[in-house]
């Protein structure tokens, strides 16, 4: 039987579907019996969705910003070490 | 990873014009990917240095456009150029940190020596991202928490959760191994959880 901290250490691989079948099965078995770890995994997944939602609400580059940048890139001297 | 609706891969004319270094095509490219590149650079080198890193990356990209072979998506190619440049900057400053433990220290401390939960997770008051983000206080804690993460952890977290890139693409962009990526990503995710959990418990 896996310990709770072992489940926690492998939680990302489990959530991303990157575990071999046997490890996956051992985590499932643990989760079936351990409410704490079930909650931890659900909250870990929710944390990722929350970050996505939060960051995607940010604004995009404005047109003047883009135009200035393009002018600067095109005007960069050839000897500038990019 | 799904190709974004407005990607040069979907538009052969645009891709052709890019290879000829056409100015309008290049402007459209900058408009499309500037936000992702700035986010990546900021995440690695911070706000102040990000502007230079991104501009240098665009100069490299512009010069390399005629030779673009299409072996990856344009977005991955651009992010890889940006990642290389930002990491060189980090290395120059000696700020690249090696991670060894899989769990964030605050999370690791929640377990007993026998590996059982010492302080188990508590139920959260909200069960959706929208519900949780309604709190200004949590949004501030989240921002501060992200700022406090080591640059590589913060960056893999963003590339995975926000940019939705595959592990393979992230490894290419940051030139790290798959096992390195796992440690960085999992540490960062458990840190993020710990920030929200601390807020919920307070």
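Chains as they are written, first to last, in our numbering: chain A, 261 to 342; chain B, 3 to 204.
Virtual Cβ for every residue (Gly too), placed ideally from N, Cα, C.
So, does the CB of residue i fall closer than 7 Å to a CB anywhere in chain B?
{"i": "residue 277 of chain A", "result": "no"}
{"i": "residue 272 of chain A", "result": "yes"}
{"i": "residue 358 of chain A", "result": "Since the first residue shown for chain A is 261 and the last is 342, residue 358 of chain A is missing from the structure and cannot be characterised."}
{"i": "residue 267 of chain A", "result": "no"}
Taking 6 Å as the limit between beta carbons, can you name the residues of its chain near residue i, skipping five residues before and five after?
{"i": "residue 58 of chain B", "result": "87"}
{"i": "residue 155 of chain B", "result": "186, 189 and 190"}
{"i": "residue 161 of chain B", "result": "167 and 172"}
{"i": "residue 176 of chain B", "result": "85"}
{"i": "residue 25 of chain B", "result": "none"}
{"i": "residue 27 of chain B", "result": "16, 19 and 20"}
{"i": "residue 279 of chain A", "result": "273"}
So is residue i in contact with chain A if we call contact Cβ pairs under 7 Å?
{"i": "residue 113 of chain B", "result": "yes"}
{"i": "residue 157 of chain B", "result": "no"}
{"i": "residue 16 of chain B", "result": "no"}
{"i": "residue 35 of chain B", "result": "no"}
{"i": "residue 122 of chain B", "result": "yes"}
{"i": "residue 77 of chain B", "result": "no"}
{"i": "residue 227 of chain B", "result": "Residue numbering for chain B in the displayed model covers 3 to 204; residue 227 of chain B lies beyond these limits and cannot be assessed."}
{"i": "residue 32 of chain B", "result": "yes"}
{"i": "residue 171 of chain B", "result": "no"}
{"i": "residue 134 of chain B", "result": "yes"}
{"i": "residue 167 of chain B", "result": "no"}
{"i": "residue 117 of chain B", "result": "yes"}
{"i": "residue 193 of chain B", "result": "no"}
{"i": "residue 61 of chain B", "result": "yes"}
{"i": "residue 91 of chain B", "result": "no"}
{"i": "residue 139 of chain B", "result": "no"}
{"i": "residue 187 of chain B", "result": "yes"}
{"i": "residue 153 of chain B", "result": "no"}
{"i": "residue 149 of chain B", "result": "no"}
{"i": "residue 128 of chain B", "result": "no"}
{"i": "residue 201 of chain B", "result": "no"}
Residue i to residue j, Cα distance in whole Å?
{"i": "residue 297 of chain A", "j": "residue 123 of chain B", "result": "8 Å"}
{"i": "residue 139 of chain B", "j": "residue 159 of chain B", "result": "21 Å"}
{"i": "residue 89 of chain B", "j": "residue 74 of chain B", "result": "20 Å"}
{"i": "residue 315 of chain A", "j": "residue 29 of chain B", "result": "24 Å"}
{"i": "residue 8 of chain B", "j": "residue 34 of chain B", "result": "7 Å"}
{"i": "residue 265 of chain A", "j": "residue 300 of chain A", "result": "11 Å"}
{"i": "residue 5 of chain B", "j": "residue 78 of chain B", "result": "Per-residue confidence for residue 5 of chain B stands at a pLDDT of 47, beneath the threshold of 50, marking its modelled position as unreliable; the derived number appears in the next sentence. The alpha-carbon atoms of residue 5 of chain B and residue 78 of chain B are separated by roughly 10 Å."}
{"i": "residue 54 of chain B", "j": "residue 64 of chain B", "result": "15 Å"}
{"i": "residue 276 of chain A", "j": "residue 338 of chain A", "result": "44 Å"}
{"i": "residue 40 of chain B", "j": "residue 116 of chain B", "result": "44 Å"}
{"i": "residue 305 of chain A", "j": "residue 180 of chain B", "result": "20 Å"}
{"i": "residue 66 of chain B", "j": "residue 184 of chain B", "result": "31 Å"}
{"i": "residue 195 of chain B", "j": "residue 178 of chain B", "result": "24 Å"}
{"i": "residue 292 of chain A", "j": "residue 69 of chain B", "result": "53 Å"}
{"i": "residue 150 of chain B", "j": "residue 46 of chain B", "result": "12 Å"}
{"i": "residue 202 of chain B", "j": "residue 114 of chain B", "result": "22 Å"}
{"i": "residue 129 of chain B", "j": "residue 302 of chain A", "result": "9 Å"}
Strictly under 7 Å for the Cβ-Cβ distance: is residue i near chain C by that measure?
{"i": "residue 330 of chain A", "result": "The chain labelled as chain C is not found among the protein chains of the depicted structure, namely A and B."}
So, at 7 Å on beta carbons, what are the nonlocal neighbours of residue i in its own chain, with the 5 sequence-adjacent residues on each side left out?
{"i": "residue 197 of chain B", "result": "143, 144 and 147"}
{"i": "residue 52 of chain B", "result": "40, 43 and 44"}
{"i": "residue 32 of chain B", "result": "60"}
Original post:
At a cut of 8 Å, does the region 320 to 338 of chain A reach the region 141 to 149 of chain B through at least three beta carbon pairs?
Top reply: no
Original post:
What residues in the region 302 to 317 of chain A bring their beta carbon closer than 9 Å to a beta carbon of chain B?
Top reply: 302, 303, 304, 306, 307, 308, 309, 310, 311, 312, 313, 314, 315, 316 and 317
**OP:** Give a yes or no on contact between the region 103 to 117 of chain B and the region 161 to 173 of chain B, applying the rule of three or more CB pairs nearer than 8 Å.
**Re:** no
Original post:
What are the residues of the region 37 to 58 of chain B that lie near chain A, defined by any Cβ-Cβ distance shorter than 9 Å?
Top reply: 37, 40, 41, 56, 57 and 58
Original post:
Are there three or more Cβ pairs, one per stretch, closer than 8 Å when the region 11 to 30 of chain B is compared with the region 306 to 313 of chain A?
Top reply: no
Subject >> Contacting positions in the region 285 to 302 of chain A - beta carbon closer than 7 Å to chain B >> reply: 296, 299 and 300
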